[in-house]
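Residue numbers (the numbering used here): 162 to 352. The beta-carbon is built from N, C-alpha and C at its ideal position, and this holds for glycine as well. Keep in mind that this is a model prediction, so the values were computed, not measured.
What follows is the structure, given as structure tokens:
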């Protein structure tokens, strides 16, 4: 009789342990690095734009650096069924589109194929990016001092639910936090 009880207890503990692991994984921060390369030359494709969507909603956009790399952090609960789709745009490349499914940190290598030049110069490329994605370039996207002060005084929320002010967040983790919208309403509700 004791052995049967131990078997039932072991099964119950195993179930509770697996259930606890499932719950803790639902809202973890996933770290992804996009590596964009030229498919023919096998070299980096710098300054490409990556639009990321899950379901039918655009959840982020990132730009690669001069090495063709772009880190991206996302809260797992923002992804629908752990799936997302990317669209990649490069100045002299064919647009690339593909869906992925992730549950852990990963590095995704994206190969872009050269195409006829759609943009005659850098200015046309920058204009396309500003219109399509709202990404500012150096000298054009500078914020006024009041806007910077507003951002620094704002509250931010982490994937796991923690809320902190800007100056309480380590600078290397700032990209993992999202600014809370409608903060005046939140402050009034808490009073």
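Collapsed DSSP secondary structure at residue i in the structure displayed
i: residue 258; result: strand
i: residue 195; result: strand
i: residue 277; result: coil
i: residue 183; result: Confidence at residue 183 is low in this model, with a pLDDT of 46, below 50, so its placement is unreliable and the value that follows should be read with caution. Helix.
i: residue 330; result: coil
i: residue 291; result: helix
i: residue 284; result: helix
Beta-carbon proximity of residue i to residue j, cut-off 9 Å
i: residue 214; j: residue 247; result: yes
i: residue 273; j: residue 261; result: no
i: residue 316; j: residue 340; result: yes
i: residue 210; j: residue 294; result: yes
i: residue 191; j: residue 220; result: no
i: residue 225; j: residue 212; result: no
i: residue 318; j: residue 286; result: no
Cross-strand partners of residue i (DSSP beta bridge)
i: residue 267; result: 193
i: residue 205; result: 198
i: residue 318; result: 324, 339
Beta-carbon separation (whole angstroms), residue i vs residue j, contact threshold 8 Å
i: residue 188; j: residue 320; result: 6 Å
i: residue 271; j: residue 196; result: 7 Å
i: residue 249; j: residue 233; result: No, residue 249 and residue 233 are not in contact; Cβ-Cβ is about 12 Å, not under 8 Å.
i: residue 194; j: residue 268; result: 5 Å
i: residue 229; j: residue 207; result: 6 Å
Every unbroken beta strand (DSSP E) inside the region 209–253 [3 residues or more]: 210–215, 218–224, 230–236, 244–250
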